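If you're matching positions, the sequence shown starts at 0 in numbering that gives the first Met the number 0 and goes up one per residue. Heads up, the beta-carbon is just placed ideally off N, CA and C, and yes, glycines get one too. Please read all numbers here as calculations on a predicted model, not as lab measurements. Shown next, in structure tokens, is the structure this report addresses.
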Amino acid sequence: MRRLVALLLFCIFVSTAHAGKLKDFEDAADNNSSSNSSSSSSSDNDDTLASTIIDVFFGALFAQNAASSGNPDQGERGNLQGTTIQEVNHNLRQNYSFALPNIRLDSMYFYDPDGVHAFRVKGEAGYLMIAADADYTRFYEGSDRLNDFATHGLLRIPLLTEFFQLDVALGYRRIWGTQVHQGFDFGLPFYINIGRWVQLDTRYYVTFLGDKLPLQEVDAGIAGKFRWIGARAGYRYIKVKGASPIQGPEVGLFVQW
Numbered sequence: 000m001r002r003l004v005a006l007l008l009f010c011i012f013v014s015t016a017h018a019g020k021l022k023d024f025e026d027a028a029d030n031n032s033s034s035n036s037s038s039s040s041s042s043d044n045d046d047t048l049a050s051t052i053i054d055v056f057f058g059a060l061f062a063q064n065a066a067s068s069g070n071p072d073q074g075e076r077g078n079l080q081g082t083t084i085q086e087v088n089h090n091l092r093q094n095y096s097f098a099l100p101n102i103r104l105d106s107m108y109f110y111d112p113d114g115v116h117a118f119r120v121k122g123e124a125g126y127l128m129i130a131a132d133a134d135y136t137r138f139y140e141g142s143d144r145l146n147d148f149a150t151h152g153l154l155r156i157p158l159l160t161e162f163f164q165l166d167v168a169l170g171y172r173r174i175w176g177t178q179v180h181q182g183f184d185f186g187l188p189f190y191i192n193i194g195r196w197v198q199l200d201t202r203y204y205v206t207f208l209g210d211k212l213p214l215q216e217v218d219a220g221i222a223g224k225f226r227w228i229g230a231r232a233g234y235r236y237i238k239v240k241g242a243s244p245i246q247g248p249e250v251g252l253f254v255q256w
């Protein structure tokens with residue numbers, strides 16, 4: 000009996016010690032987004048980051064052009080072969096390829112060992128290289144709630160046929176609980192398709208909440224599917240300056256066509 004009481008007290012202590020992680024995260028986001036810095040170093044950092052993003056965007060376009068024109072035989076292998084875009088899209092769907100989905104819907108559960116858990120839904124719709132997505136997560140910690148919504152326009156770039164894919168994501172992100180934080184969002188999701196049934200992914204996003212760069216996210220995982228239905232397991236990490244990161248494993252199911 001004493002051991003049981005001691006265990007219960009320990010669990011209460013641990014949950015109390017980690018309580019308020021969502022609130023600390025939101026407060027840190029508010030401090031970063033509302034701060035006004037007129038220093039030249041901050042301005043230089045912003046300019047450097049903007050220049051890097053532009054370089055990556057046009058570098059991706061150049062890489063795609065080189066892959067398709069510098070080695071025609073390589074670019075015409077696999078499911079991307081075809082004389083028209085309709086044929087290419089038909090081949091991708093007919094062979095159940097992970098690459099360049101017309102529609103994909105994900106439903107996921109996230110757990111942070113510090114006592115935060117979340118439900119997430121994500122949708123993507125497009126046609127070959129052009130697409131758009133929407134991503135919503137609701138975080139829970141005791142009585143605290145935090146909502147996270149993002150939407151992007153996507154340039155989906157197949158590299159070395161459909162086996163590698165780089166997306167350039169430009170969009171908007173909004174985070175709200177007791178306060179609202181919103182701003183421009185930039186991402187570089189990268190996918191490795193191992194055959195038609197397995198996919199590895201790493202997605203990196205940065206969000207500009209004000210005049211600084213307070214929020215960064217990395218989401219990596221492995222997915223497997225049969226025909227149109229699949230499952231994914233991964234790890235999600237969200238960091239804002241001045242607060243402990245929200246991080247932990249994430250699992251879910253998806254349908255793709």
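query: Give, in chain order, every unbroken run of the beta strand (DSSP E) that is at least 3 residues long and sits entirely within the segment 221–245.; result: 228–239
query: Relative to the C-alpha of A315, which residue among T160, F162, G186, F109 is closest?; result: The structure shown does not extend to residue 315, since the chain is modelled only from 0 through 256, so no value can be given for it.
query: Below 8 Å, how does it come out for the segment 87–100 and the segment 234–248: are there three or more Cβ pairs, yes or no?; result: no
query: Going by DSSP, name the residue or residues bridged to L165.; result: I156, F189
query: Helix, strand or coil for L214? Go by DSSP, reduced to three states.; result: strand
query: Are L21 and G122 touching if we call contact CB-CB under 8 Å?; result: no
query: Where does N146 sit, in a helix, a strand or coil, going by DSSP?; result: strand
query: With three or more beta-carbon pairs closer than 8 Å as the criterion, would you say the segment 182–198 touches the segment 210–224?; result: yes
query: Please report how far the alpha carbon of R226 lies from the alpha carbon of H89, in whole angstroms.; result: 14 Å
query: Count the other C-beta atoms from every protein chain shown that fall within 10 angstroms of the C-beta of E86, then say buried if there are 16 or more, exposed otherwise.; result: exposed
query: Can you tell me where the beta strand (DSSP E) holding R195 begins and where it ends?; result: Element bounds for R195: n/a, residue is neither H nor E.
query: Excluding the 5 residues flanking G251 on each side, which residues of the same chain have their C-beta closer than 6 Å to its C-beta?; result: D105, S106, M107, R231
query: Beta carbon of V120, beta carbon of Y139: below 8 Å?; result: no
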